[in-house]
Amino acid sequence: MANLTSLRRFILASVLTAVAAFAFVAFHARPAAAAAICDSECGGSTPTPAPSYSPSPTPTYSPSPSPSPTPSSSPSPYPSSSPSPTPTPTPTGADSSGSSIGGLANQRFNQMITNRVLGTVLLGVNEQINCSNCVSAFGSAGSFSAGIHGRKELTNNLSLLAGIAYTQYSEGGYNITSAPIAAFALRYDFTDWGSSRPFFDVGTILTPWEKARYTRSYNTSLGPVSVTSSTNASNYAVYGRAGWMSRVSPRDEVAASIEVWQLWQRVSGYTDSAVAFNPFDASIATGTDRTSLVKIGGQWTHLFGSNIEANINGGWVQSFAGHSGIVATVTGDGMVVPTMGNQGWFEYGGRLGFRVQKGWIVDLFANGTLGPQPVGNTIHGGVGLRINY
Numbered sequence: 022m023a024n025l026t027s028l029r030r031f032i033l034a035s036v037l038t039a040v041a042a043f044a045f046v047a048f049h050a051r052p053a054a055a056a057a058i059c060d061s062e063c064g065g066s067t068p069t070p071a072p073s074y075s076p077s078p079t080p081t082y083s084p085s086p087s088p089s090p091t092p093s094s095s096p097s098p099y100p101s102s103s104p105s106p107t108p109t110p111t112p113t114g115a116d117s118s119g120s121s122i123g124g125l126a127n128q129r130f131n132q133m134i135t136n137r138v139l140g141t142v143l144l145g146v147n148e149q150i151n152c153s154n155c156v157s158a159f160g161s162a163g164s165f166s167a168g169i170h171g172r173k174e175l176t177n178n179l180s181l182l183a184g185i186a187y188t189q190y191s192e193g194g195y196n197i198t199s200a201p202i203a204a205f206a207l208r209y210d211f212t213d214w215g216s217s218r219p220f221f222d223v224g225t226i227l228t229p230w231e232k233a234r235y236t237r238s239y240n241t242s243l244g245p246v247s248v249t250s251s252t253n254a255s256n257y258a259v260y261g262r263a264g265w266m267s268r269v270s271p272r273d274e275v276a277a278s279i280e281v282w283q284l285w286q287r288v289s290g291y292t293d294s295a296v297a298f299n300p301f302d303a304s305i306a307t308g309t310d311r312t313s314l315v316k317i318g319g320q321w322t323h324l325f326g327s328n329i330e331a332n333i334n335g336g337w338v339q340s341f342a343g344h345s346g347i348v349a350t351v352t353g354d355g356m357v358v359p360t361m362g363n364q365g366w367f368e369y370g371g372r373l374g375f376r377v378q379k380g381w382i383v384d385l386f387a388n389g390t391l392g393p394q395p396v397g398n399t400i401h402g403g404v405g406l407r408i409n410y
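If you want our numbering, it's the 1-based position in the sequence shown plus 21.
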């Protein structure tokens, strides 16, 4: 009995011991497994987990608040960036501007000839070669002129011809104002040779100061240009004349002659006046124009009845040794010096006198030129009151 009880106690003790050992082993094995599971799921400090794809989260769109527009007084049709300005076309026409300097040379040549034609009126170009002492006051149109001239016998053979006038004239693009003209000449007439005899003149025409305006015109790709500029000028001339006159009847006198002239014209320098559009402007230096002339001519004076007398005169004029004093500096062309060729033209004149009473004569007269440019066709007419004494 005692053995059976001991055996039961041994078996029970063994069972309890086995259960306790199993429980101990199970208690320690579970935390280790849990730790391994925790390490694999939560990550430990030492092991490096295998990389795995983790997509970026889709961003959440958050609209910016709309800015308040800045008020504008007037909307601009142009973009915010300033566009480049449209370039201005560059005009052409420098050659035409340079050629216009030749036109100025023609104007100045015409000026010399016109001044001479007006001056010869003061030297009695429309009167007979031999007549008594006289003085005449006159005025003319076409080219405005007003003055006085006459002749005085110094001896039986020698006479003084002289006159002074104030003139204004224009032709072919130029205009002359405030121009006083004076003329003086001596005439030697061989009166002791009879009714047919030679005569000789020497004289001068002086215009010491005059206001001048010259117009220069040229063409460009953007339109025509015309520039009128002002300056001062002066004219001088000397001449000699040799001729033969004849009293063919108590009412008629005829004469033929040859004249040699030397003309000078001084023009002060100037630049183009200011105009709205003048891309090829010019500057003209002070210079002296000059030319020599030869004239072969004749005249006839006739008395109709006792109260009317008439004179016609004319001749061919040829220029030579001409020189233009223009030296121009033109934008786009540089220095331009025009040349002056020889010219030929016809000069004419006439007078119709009415003897209103003894020694008093009212004259109608005209003088002019016929020919190509730059001299051209001109006429200057007027009226005068002549007193013989």
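We put the CB at the ideal spot given by N, CA and C, even for glycine.
Between the alpha carbons of residue i and residue j, how many angstroms are there, rounded?
i      : j      : result
Val348 : Asn363 : 19 angstroms
Met356 : Gly124 : 16 angstroms
Ser399 : Glu274 : A quick correction: the sequence has Thr, not Ser, at residue 399. Taking the straight line joining both Cα atoms gives about 27 angstroms.
Arg311 : Gln378 : 45 angstroms
Ile329 : Ile226 : 30 angstroms
Trp321 : Ala204 : 23 angstroms
Asn121 : Gly336 : Residue identity differs from the one stated: residue 121 is Ser in this sequence, not Asn. Between Ser121 and Gly336, the C-alpha separation is close to 31 angstroms.
Trp214 : Leu181 : 20 angstroms
Thr236 : Leu324 : 46 angstroms
Asp354 : Ala115 : 6 angstroms
Arg262 : Gly389 : 20 angstroms
Thr141 : Tyr257 : 13 angstroms
Arg376 : Tyr369 : 24 angstroms
Ile408 : Trp366 : 33 angstroms
Ala183 : Val156 : 10 angstroms
Asp384 : Asn131 : 27 angstroms
Gln394 : Thr135 : 13 angstroms
Gly318 : Arg137 : 16 angstroms
Arg272 : Asn334 : 17 angstroms
Trp381 : Thr350 : 56 angstroms
Thr292 : Ala158 : 39 angstroms
Thr113 : Ala126 : 23 angstroms
Arg208 : Glu192 : 32 angstroms
Gly326 : Tyr410 : 21 angstroms
Which residues in the same chain have their Cβ closer than 6 angstroms to the Cβ of residue i, if we skip the five residues on either side of it in sequence?
i      : result
Leu314 : Trp282, Val338, Ser340
Asn151 : Asp210
Gly160 : Ala167, Gly403
Pro219 : Phe211, Trp265
Ser267 : Ser217, Val275
Asn177 : Thr212
Gly411 : Since the first residue shown for the chain is 22 and the last is 410, residue 411 is missing from the structure and cannot be characterised.
Arg234 : Asn196, Thr249, Ser251
Val358 : Val348
Thr360 : none
Asn147 : Asn332, Gly370, Arg372, Phe386
Pro300 : Pro112
Gln286 : Met133, Asn256, Asp310
For residue i, which of the options has the nearest alpha-carbon?
i      : options                        : result
Ala206 : Gly145, Ser247, Asn131         : Gly145
Val269 : Gln128, Ser118, Gln149, Val142 : Gln149
Ala162 : Leu406, Asn409, Ile408, Gly402 : Gly402
Phe386 : Ser120, Leu139, Asn127, Trp285 : Leu139
Glu231 : Asn253, His170, Val248, Ala277 : Asn253
Thr111 : Phe298, Asn147, Val351         : Phe298
Leu406 : His170, Ser278, Ala233, Leu175 : His170
Leu179 : Val223, Asp302, Glu192, Ala158 : Val223
Leu175 : Ile185, Glu192, Ser153         : Ser153
Ser255 : Met133, Pro300, Ser242, Gly318 : Met133
Ser247 : Pro393, Asp302, Thr141         : Asp302
Ala412 : Phe221, Asn196, Ser327         : This structure gives no information on residue 412, because the portion of the chain shown stretches from 22 to 410.
Ser242 : Pro393, Gln394, Met361, Ser118 : Ser118
Thr352 : Ile305, Gln286, Asn147         : Ile305
Ser199 : Pro229, Arg208, Gly326         : Pro229
Glu280 : Gly397, Lys316, Gln286         : Lys316
Compare the beta carbon distance of residue i and residue j with 8 angstroms and say whether it is the shorter of the two.
i      : j      : result
Tyr187 : Ser164 : no
Arg172 : Val288 : no
Leu373 : Ala331 : yes
Gly346 : Gly308 : yes
Just to confirm my understanding: we take residue i, look at its own chain, exclude 5 residues before and 5 after, and list those with CB closer than 8 angstroms. What are they?
i      : result
Pro245 : Ser238, Tyr239
Ile185 : Leu143, Gly168, Ile169, His170, Pro201, Ile202, Ala203, Ala204
Ser294 : Val248, Thr249, Ser250, Ser251
Val396 : Phe130, Asn131, Ile134, Gln364, Trp366, Thr390
Among residues of its own chain, excluding the 5 on either side of residue i, which ones have a beta-carbon nearer than 7 angstroms to its beta-carbon?
i      : result
Val259 : Thr225, Gln283
Ala47  : Residue placement at Ala47 cannot be trusted, given a pLDDT of 43 that sits under 50; the coordinates are not used to answer.
Val296 : Val248
Pick out the complete alpha helix (DSSP H) segments inside the segment 128 to 198, 4 residues or longer, and give them in chain order. none
Suppose only complete runs of 4+ residues qualify. What are the alpha helix (DSSP H) ranges in the segment 217 to 253, listed by chain order? none
At which residue ranges does the segment 323 to 356 contain complete beta strand (DSSP E) runs of 3 or more residues, listed in the order of the chain? 329 to 344, 349 to 351
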